[in-house]
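One structure is given below, encoded as structure tokens.
Residue numbers (our numbering): 31 to 347.
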């Protein structure tokens, strides 16, 4: 009988990926990946890239510092950049070199969690408040530079845009970050600020592979987001709306244009009317398999879905 160590890399990689992705509160299998790193060189070289696809995924940044992750990313800077950073941050210990190109493994980026991890790292340095704010934003941009320079190929981007992160959103639209942002496939967004909506629309208009979008929290401006969906009509397969008042939406022409939509969800939404839904009455939506109405009253959507034999998941208000 052959040992586990003699398994082909493809099989071992599949096993280790399953450990990372299939977890419950009672069975956090991802922790076993850390033990796999210590088994031998083969297991280590397979486990490290998986752990760093989404390094903060299972971290509770509120209660557990993520300093080692931030320090590891910063350690990939060249010596000149490290010296500049030390002048700004004071005495911090960075690795002289890293065995792996950690930024290149990143696949899922949750901007808010990253921002919070950076904030906690800066707070631990015991600096003056004004300097903390400057360094936090500087470090956020610095890590984005690292990820871009290392050609990280994102598959998912999660953004819950609110103060102070909304002030940094224009950074994402900077052309030098195009190689990082353009390939994303999933995007979460939550905001109700006009300037932020402008930036998010700019992000949306620059995507060509986005297949999942979750948006929510708007009182005004939702009509502009809906209109921008026309630019993503060939790629979007999942759209979820959360806590949105659609009273100012108007006709949902942009949504009706999404020809490859498979899953459409409304969570705690209100003022969805037959008039705004009218454009969808004229479309076949052949690919749509499921409509979710959670705490949302929308008889027009229910009737439309049932006529097209689309599965409706509904929780009564």
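The beta carbon of each residue, even a glycine, is placed where N, CA and C say it ideally should be.
Problem - Which listed residue (127, 118, 119 and 122) has its alpha carbon closest to that of residue 109 - result: Closest in C-alpha terms to residue 109, from the list 127, 118, 119 and 122, comes 127.
Handout entry: Contacting residues, own chain, Cβ-Cβ under 7 Å from residue 56 (five flanking each side not counted)
Key = Residue confidence for residue 56 is low, a pLDDT of 47 falling below 50, so the modelled location carries little weight; the figure read from the coordinates is stated next. Closer than 7 Å at Cβ, skipping near neighbours: no residue.
Handout entry: DSSP-derived helix/strand/coil call for residue 287
Key = Assigned with DSSP and collapsed to three states, residue 287 falls in coil, not helix or strand.
Handout entry: Buried versus exposed, by CB contacts within 10 Å (16 or more), residue 88
Key = Taking all protein chains in view, the Cβ of residue 88 is surrounded by fewer than 16 other Cβ atoms within 10 Å, so the residue is classified as exposed.
Problem - Limits of the unbroken beta strand (DSSP E) element including residue 321 - result: Here the beta strand (DSSP E) through residue 321 covers 320 to 324.
Practice task
Taking residue 270 as part of the beta strand (DSSP E), name the residues at either end of that continuous run.
Solution key: Note, residue 270: beta strand (DSSP E), 268 to 272.
Problem - residue 347 to residue 123 span [Cα, whole Å] - result: Its pLDDT being 46, under 50, residue 347 is placed unreliably by the model, and nothing is read from it.
Handout entry: residue 300: first and last residue of the uninterrupted alpha helix (DSSP H) it sits in
Key = Counting along the chain, no alpha helix (DSSP H) covers residue 300, and no H or E run does either.
Problem - Where residue 305 falls, given that 16 or more other Cβ within 10 Å makes a residue buried - result: Exposed, since its Cβ has fewer than 16 Cβ neighbours within 10 Å.
Practice task
For the beta strand (DSSP E) containing residue 150, list its first residue and its last residue.
Solution key: Note, residue 150: premise wrong, no beta strand (DSSP E); alpha helix (DSSP H) at 141 to 153.
Problem - Simplified DSSP state of residue 56, which is helix, strand or coil - result: For residue 56, the pLDDT reaches just 47, beneath the cut-off of 50, and the residue's location in the model is therefore unreliable, although a value from the coordinates is still provided. In this structure, residue 56 counts as coil in the three-state DSSP scheme.
Handout entry: Sequence-distant residues of the same chain with beta carbon closer than 6 Å to residue 67, five excluded per side
Key = Take residue 67, set aside five residues on each side of it, and the residues of its chain with a beta-carbon closer than 6 Å to its own are 74 and 77, in chain order.
Problem - residue 311, buried or exposed, once every other Cβ within 10 Å from all chains shown has been counted against 16 - result: It is exposed - the Cβ of residue 311 has fewer than 16 other Cβ atoms within 10 Å.
Handout entry: Per DSSP, cross-strand counterpart(s) of residue 275
Key = By DSSP's assignment, residue 275 forms a beta bridge with 300.
Problem - Straight-line gap, residue 245 to residue 86 (C-alpha atoms, nearest Å) - result: Just so you know, the alpha carbons of residue 245 and residue 86 end up roughly 22 Å apart.
Handout entry: residue 293 vs residue 256 beta-carbon contact at 9 Å
Key = No, the pair does not count as a contact, with Cβ atoms beyond the cut-off.
Handout entry: Alpha-carbon to alpha-carbon, residue 175 and residue 205
Key = Model confidence at residue 205 stands at a pLDDT of 45, short of 50, so the residue's coordinates are unreliable and nothing is read from them.
Problem - Cβ neighbours of residue 81 in the same chain (closer than 6 Å, five flanking residues each side left out) - result: Closer than 6 Å at Cβ, skipping near neighbours: 63.
Exercise for the section: Tell me whether residue 86 sits in a helix, a strand or coil according to DSSP, three-state version. Expected result: Three-state result, residue 86: coil.
Practice task
Would you give the residue range spanned by the alpha helix (DSSP H) that residue 336 belongs to?
Solution key: Per DSSP, residue 336 belongs to the alpha helix (DSSP H) from 329 to 337.
Problem - Segments assigned alpha helix (DSSP H), at least 4 residues, entirely inside the region 96 to 123 - result: Within the region 96 to 123, the complete alpha helix (DSSP H) runs of at least 4 residues are 97 to 104 and 109 to 119.
Problem - Buried versus exposed call for residue 133 [16 or more other C-beta atoms within 10 Å across all chains shown] - result: Counting every other CB atom within 10 Å of its CB across the protein chains shown gives residue 133 a total of 16 or more, marking it as buried.
Exercise for the section: Name the two residues that bound the continuous alpha helix (DSSP H) containing residue 68. Expected result: Element bounds for residue 68: n/a, residue is neither H nor E.
Problem - Endpoints, the beta strand (DSSP E) within which residue 7 is located - result: Residue 7 lies beyond the stretch modelled for the chain, which goes from 31 to 347, so this question has no answer here.
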